[in-house]
Each structure stands twice: as structure tokens, then as C-alpha cells.
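Trainee:
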Amino acid sequence: MGTFLFFILKSSVCLFLFTILYITLLKNITHFRFSRWAFWVGTLFCWLIPLIPVSVSILSPIQQSVMMVGEIFEEMPSDGKVATGFLAENGWDARAEHLPFQQGKSEGICGLSLLTVISLFYTMGAVGVFLFFVYSFGRLWHLIHGKPVQREGSFRLVILPGKVCSFSWWKYIVMSEEDYRQDGSLILIHEKMHLSYYHTLDLGWMHCLLIFHWFNPMTWVLWQELRNLHEYEADEGVISSGVNMVQYQLLLVKKAVGTRLYSMANGFDHSKLKNRIGMMLKKRSNGWVRLRMLLAVPVAAGVVYAFAQPEMSEKQVLLQMELMTQDALLQDSIAESKLTEEIASMKQFFKEKSDAWWKHHRTPEGRYVWRTTQTHRLYMNGSNEVMFDTVVYKILTDPRQVIAGRLRSAREADRLEKKKDEPRFLYMVYDVNSDKRQVLGMLKEIKLAFDDLRAEYVAKGASDVDEVCPYMVYVYGPRKYGVNGAELLIGAAGTEPQERIHDITGNRLKSYQGRYGKNASVLLRVDNSVSERGYIEMCKRVKRYFPAAKTEHEK
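Start counting at 1 in the sequence shown, then tack on 333, and there's your number in the working numbering.
(1) Taking DSSP as the reference, what is the three-state secondary structure of Ser388?
(2) Just to confirm the assignment: which complete alpha helix (DSSP H) runs, minimum length 4, are found wholly within the segment 458-533?
(3) In terms of alpha-carbon separation, which member of Ala459, Ile506, Pro550, His540 lies closest to Ser529?
(4) Decide if Asp797 is buried, meaning its Cβ has at least 16 other Cβ atoms within 10 Å, or exposed.
(5) To the nearest angstrom, report how far apart Glu750 and Val719 are at their CA atoms.
(6) Identify which residue in Phe351, Ala746, His540, Leu711 has its Cα closest to the Cα of Phe758.
(7) Would the beta-carbon of Glu558 fall within 9 Å of that of Arg609?
(8) Which residues in the same chain as Phe463 place their Cβ atom closer than 7 Å to its Cβ, once the five residues preceding and following it in sequence are excluded?
(9) Who are Pro894's beta bridge partners in DSSP?
(10) Please state the DSSP three-state secondary structure of Thr336.
(11) Less than 8 Å between C-beta atoms, sequence neighbours within five positions excluded: which residues of the same chain meet that for Leu493?
(12) Give me whichever residues DSSP pairs with Lys883 in a beta bridge.
(13) For Met713, which of helix, strand or coil comes out of DSSP?
(14) May I ask which residues mark the beginning and end of the beta strand (DSSP E) holding Ile736?
(15) Below 6 Å CB to CB, which residues in the same chain sit around Ala629 once its five sequence neighbours on both sides are set aside?
(16) Please classify Thr376: is it buried, with 16 or more other beta-carbons within 10 angstroms of its beta-carbon, or exposed?
(17) Taking its Cβ as the centre, do 16 or more other Cβ atoms sit within 10 Å of Gly867, making it buried, or is it exposed?
(18) Within 10 angstroms of its Cβ, does Ala371 collect 16 or more other Cβ (buried), or is it exposed?
(19) Sort out for me which residues DSSP pairs Thr708 with in a bridge.
(20) Which residues in the same chain have their Cβ closer than 6 Å to the Cβ of Tyr807, if we skip the five residues on either side of it in sequence?
(21) Grab me the residues of Val762's own chain with a C-beta within less than 7 Å of its C-beta, minus the 5 sequence neighbours each way, in chain order.
(22) Which term fits Ile667, buried or exposed, when burial requires 16 or more other beta carbons within 10 angstroms of its beta carbon?
(23) Please classify Ser716 as buried or exposed, where buried requires at least 16 other C-beta atoms within 10 Å of its C-beta.
(24) In terms of residue numbering, what span does the alpha helix (DSSP H) encompassing Ala395 cover?
(25) Using the three-state DSSP reduction, which class does Tyr807 fall into: helix, strand or coil?
(26) Where does Phe783 sit, in a helix, a strand or coil, going by DSSP?
(27) So what's Val576 in DSSP terms, helix, strand or just coil?
(28) If you follow the alpha helix (DSSP H) that Leu628 is in, where does it begin and where does it stop?
(29) Among the candidates Lys588, Thr884, Arg484, Phe879, whose CA atom is the shortest distance from the CA of Ile869?
(30) Ordered along the chain, which non-local residues of its own chain (more than five positions away) have a Cβ less than 8 Å from that of Ile356?
(31) Could you tell me which residues DSSP pairs with Tyr878 in its beta bridges?
(32) Determine the burial state of Asn549: buried for a count of at least 16 other Cβ atoms within 10 Å of its Cβ, exposed for fewer.
(33) Out of Pro830, Ala819, Arg741, point me to the one whose CA is closest to Arg787's CA.
(34) Is Ala825 helix, strand or coil when you go by DSSP?
(35) Anyone know if the C-beta pair for Ile405 and Leu445 falls short of 9 Å?
(36) Is Ser854 closer than 9 Å to Ala825 when the C-beta atoms are compared?
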């Protein structure tokens, strides 16, 4: 949002300067079509100029000021290292050090940052202007929709009862019955001029400018100037069509009283009467006056120069890339740390609950009075696949329901077969390469599964749910399985094994057996990140091909 607001601010500066140029150079000339083209080209360039990439080796004071303002609108709080470095190289060390926003110390309102306050204020204004135009359009459409329509060439004429100021919009011309009877032909010619010149498109574009630049007073001035220009051009078209100028001017005087209700439409009496009559009587401007707009070229060049960015040396580019990389790594590290903390919190929760249950089931000698042999095991590998009680799930879509259902059915079977109703153990082991988000999600699903079972016992009237259905969950991990955390040293029989193997698969072991024989000198080393179960499986696999192999498991 900050980048967008800074772009809007720069675009608004361009629009401010363009409006001043327009009023100064084009307001009083009679080349109305040219003025409209200038309006379109100028306003489009007001959007494009802030996007033109220009770099300079040495910053001027105005460029330094623009750059410092841009710091306020940065998306993320900045420590000012990069920008301060640029300013310092250009002799602004002291000023850069004492700018509060340059050091990330800007204060907002009610705990909100300055950027947030500005964003909210701008958004509320833009939405307010947009809703006003929607309301105006709604009133206009309500006035036209469903009314009888007469064809006037390619346009549609809507005649309404009562007092309605004549106006035109898109392909519609609206006037009152009274105006249609008394001066219908002249008003119709005038409104047709608006539509044939596509003034509605100008107004639509101007409304877009007003929504985004509502805070710029010169934007509203430009809006009024555009409406005046439309009336001047329509008046010129009416006179050029052969209508008597005096008769037409008398009609303008007659219709001078009225209120503009629809911002989207062109009205017959929208512009000031004195200005319109004066423009009709004015001698046509010399064609050379259009060259005045060439003065906008140096102004535009000056603005582009003012918005120029410092030219970055190779060292500065590398520094900025390094800072961006560090920031990305920091964000990843923060997210990783948060996940690790949440997993540790879930582990601690289950440990405290299970320890509390065991504490009340010990003899004075420290032995457990009761121990269940019924356990459930859940493994999550590095690909986040799950094996739960010997059933492998590539994607376990509803862990909560599956776990709760398995524990429930196993407990009911024990109750029927062994006449025992004992709590169940659940061991969860996850791989070092398991996605921590998946691990955390599984832990939460396990807790929810136990919550469901506990709720069922409460519904059956259990007085102490912690006794009959405790959270007996033990979490181990991250552990390494398979080839990770293990290496195999192999050599000829009777020699010190030297060749290292990390891909300890059956096919690989079989190929080495063919090379060195069954009695080869073999040593299997496994670090402490590999679980006991994983270690046993690898030992079995190695001894299948090398019965005399030695093994080491770092505890």
C-alpha cells in the first residue's frame, strides 16, 4: 500500500502542475478539440511520469527530499541503511541521521503507524468519492430506466414530466416536456453535440482521476474546466450547424437558472453563462497558440528529473541484494521459530498430561501400578506421508476422525474381549524432513481426537475424564530415517573399510556384496538423530548381505 500511495502522491504532483499549465495556456483559446486532446495526453502522462525509470549519479536537494518522503511510504519499516547510505554519499549525513522516519521511529495515532493512518484516511476518501459517483449514476439511471424513449438518429430521447434540467449521457438525451415543446429543437442540437463529441468518455476518465486524486484540489478545478470546455465545444458545434447565434444566446439566458444533479452527465446549463457567451463572441484563436503546450515539455522533463533515483554502484546493488536476502531469511527464520515453539508447546502439553496421569498410578516404591500394553503408533516421514497402526496414508484427509475412530474401536474391542476399559497410548514420531506445518497440524488433530473421545465419556457420565481418558500421547522427533544420518564403510575382508556409502538401499548393498563378497569388512555408523526403530531396520538390511558387519549407533 505504501508504494501505491507514493505513486499516487507523485502522480498528483504531476496533475497539479498540468492543471496550472492547462489553465494558463489553454483555458482561453478557441481550439476546443485540441484542448481536449491536451487534456487526455496530459492526464495520461500524469500517470506515466512517476513510472519512468531515471537514475542520476549525484542527487540534487529536491531529489533527496523526494527520496526521504518515499521512505515514509515504504511497505515495511526500514532501518534506513540503504537510503541513509545514499544520502550520506551525497553530503546529507546529519540530516539523514536525525530523520525519525528514516530510523523507523515514526509514531502514528492510537498505536497505528503513520503509514497505516495515511492509508486509512486515503482509502476512506477514495471510497467516499466513489460512492458519491455511484449514487449520482444510480439517480441518473433511475431517472432514465423504464421511461418512454424516442429515437433521434443514433441517440435516444427521453421526455420527462415536471421540471428537469436537460442533459445528455452516453446515448441518452433527457429533457422536460416543457423544454421539448418550447425550445426542443435547439436543446436537442446542443445535447447531440455533446454525444457526438463523446464527452461522456472524458467525464468517465475524469471521474477515475477524482477517485484516486480526491485530495488534490487542482483535480476538482480540472474537472470544472473540463465541463466548461465541453459546453464551449458544444456551443461551437451548435453555431456551426447554422443556428442563429443571438437566438441561441437568448435561450442560454432563459435556461441559466438550474441545478446540476448528475455528475456523470453533460447538462445544457452547466457552465457559467457569461463565459459561454463570451467564448462564442470571441475571435477564433490563431493556430500557432497551440504551440504553447510545448512549454509542458521542459516542465515534464523537470518532474521526471525530480523523481529520479540514485544511480547504484555495483557495490550498492550487492549490498541491497544482501540486505533483501537477509530480510527474507529473517522472515523465514521467524516463521520457522514460531512453528518450532508451537510444536514444543504441544509436546509439553501432552507430556504434562501423561505425567500427571502416571503420577497417580505409582506405588511408594516407584513402580507403576497399572500399565497398558495396547499402544498405537503414528509415523510421519520426510514426504509427510503417515503410517498409523500399519496403515499407510499418502494423504490423511481427516486425521481427527481416523485417530478417534481407531482409538475408540480398539478400546471397545478390549472391553468386549478382555473385559478391560483402559486408556490408550499414542506414540507419534516424525522425520527431520517432515514439514513443520504438517507436524503441528497433526499434533492439533491428535488433541482434537482425544477431545472428542473425552467428550463422549463426559456424556456417558464420567466424573473424572482425566482418569478414564487421559491425553496419553508421546511425541518423538525430529528423527532421521532411511539413509539420512547413516553411512556405511566397506572394504575387502581383513582390511580397514574405506569406501563410504550413504545410499544404503537393498540394490546398492547387493551390488557391493558381489564386489567384496559376504565376508567383506563392513561398518555401519548411525548418528543420534536416527530412531531406535530406524537403526534396527538398517542393521537388518545390512546384515542380510554382510552377516559379519559391525554397527555403531551414537546414543
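Just so you know, even glycine gets a beta-carbon here, dropped at the ideal spot from N, CA and C.
Mentor: Result, derived from the coordinates:
(1) Counting from one through the sequence shown, the residue named residue 388 turns up at place 55. Three-state result, Ser388: strand.
(2) 510-529
(3) Residue numbering aside, residue 529 sits at position 196 when the sequence shown is read from its first letter. That would be Ile506, whose Cα lies nearest to the Cα of Ser529.
(4) Working through the sequence shown from its first residue, we reach residue 797 at position 464. Exposed, by the Cβ-count rule.
(5) Start at 1 with the first residue of the sequence shown, and residue 750 comes out as number 417. Start at 1 with the first residue of the sequence shown, and residue 719 comes out as number 386. Roughly 29 Å separates the two Cα atoms.
(6) Translated into positions along the sequence shown, residue 758 becomes position 425. Per the Cα distances, Leu711.
(7) Taking the first residue of the sequence shown as 1, we reach residue 558 at position 225. Taking the first residue of the sequence shown as 1, we reach residue 609 at position 276. No, Cβ-Cβ distance for Glu558 and Arg609 is not below 9 Å.
(8) Taking the first residue of the sequence shown as position 1, residue 463 is located at position 130. So the list reads Ile544, once near-sequence residues are dropped.
(9) Within the shown structure, residues of the chain are numbered from 334 to 888, placing residue 894 beyond reach of any answer.
(10) Here residue 336 is taken as the residue at index 3 of the sequence shown, counted from 1. Here Thr336 sits in helix by DSSP.
(11) Position 160 of the sequence shown, counted from the first residue, corresponds to residue 493. Leu476, Lys480, Val507, Met508, Ser509, Glu510.
(12) In the sequence shown, counting from the first residue as 1, residue 883 sits at position 550. Leu856, per the DSSP bridge assignment.
(13) Here the question's residue 713 lines up with position 380 in the sequence shown. Strand at Met713.
(14) Here residue 736 refers to the residue found at position 403 when the sequence shown is read from its first residue. That residue, Ile736, is in no beta strand (DSSP E); its alpha helix (DSSP H) goes 732-750.
(15) As a working note, residue 629 is residue 296 in the sequence shown. Excluding sequence neighbours, Ala629 sits near Leu354.
(16) Taking the sequence shown and counting its residues from 1, one reaches residue 376 at position 43. The residue is buried, with at least 16 neighbouring Cβ atoms inside 10 Å.
(17) If you number the sequence shown from 1, residue 867 lands on position 534. Per the 10 Å Cβ criterion, buried.
(18) Position 38 of the sequence shown, counted from the start, is the residue given in the question as residue 371. It is buried - the Cβ of Ala371 has at least 16 other Cβ atoms within 10 Å.
(19) In the sequence shown, counting from the first residue as 1, residue 708 sits at position 375. DSSP output for Thr708 lists Phe758 as bridge partner(s).
(20) Reading the sequence shown from its first residue, position 474 is the one you call residue 807. Closer than 6 Å at Cβ, skipping near neighbours: Tyr760.
(21) The residue labelled residue 762 in the question sits at position 429 within the sequence shown. If we look at Val762 and ignore the five residues flanking it on each side, its Cβ neighbours are Tyr712, Tyr809, Gly810, Arg812, Ser864.
(22) The sequence position of residue 667 within the sequence shown is 334, counting from 1. With fewer than 16 other Cβ atoms within 10 Å, it is exposed.
(23) Taking the first residue of the sequence shown as position 1, residue 716 is located at position 383. Classification for Ser716: exposed.
(24) What you label residue 395 is simply residue 62 of the sequence shown in a count that begins at 1. In the sequence on display, residue 395 carries Ile and not Ala. Element bounds for Ile395: 394-405.
(25) For the purposes of this step, residue 807 is identified with residue 474 of the sequence shown, where counting begins at 1. Three-state DSSP puts Tyr807 in a strand.
(26) As a working note, residue 783 is residue 450 in the sequence shown. Phe783 falls in the helix class under three-state DSSP.
(27) The residue you call residue 576 lines up with position 243 of the sequence shown. If DSSP states are grouped into helix, strand and coil, Val576 belongs with coil.
(28) For the purposes of this step, residue 628 is identified with residue 295 of the sequence shown, where counting begins at 1. Taken as a continuous stretch (DSSP letters only), Leu628 belongs to no alpha helix (DSSP H), as it is neither H nor E.
(29) In the sequence shown, counting from the first residue as 1, residue 869 sits at position 536. The option with the nearest alpha carbon to Ile869 is Thr884.
(30) In the sequence shown, counting from the first residue as 1, residue 356 sits at position 23. Answer for Ile356: Val554, Glu558, listed in chain order.
(31) To locate residue 878, count along the sequence shown from 1; it is residue 545. Beta-bridge pairing links Tyr878 to no other residue.
(32) In the sequence shown, counting from the first residue as 1, residue 549 sits at position 216. By the 10 Å Cβ count, Asn549 comes out buried.
(33) Taking the first residue of the sequence shown as 1, we reach residue 787 at position 454. Selected option, being the one with the closest Cα: Arg741.
(34) To locate residue 825, count along the sequence shown from 1; it is residue 492. Coil, per DSSP.
(35) Here residue 405 refers to the residue found at position 72 of the sequence shown. Here residue 445 refers to the residue found at position 112 of the sequence shown. No, the Cβ-Cβ distance between Ile405 and Leu445 is not below 9 Å.
(36) Here residue 825 refers to the residue found at position 492 of the sequence shown. Here residue 854 refers to the residue found at position 521 of the sequence shown. Yes.
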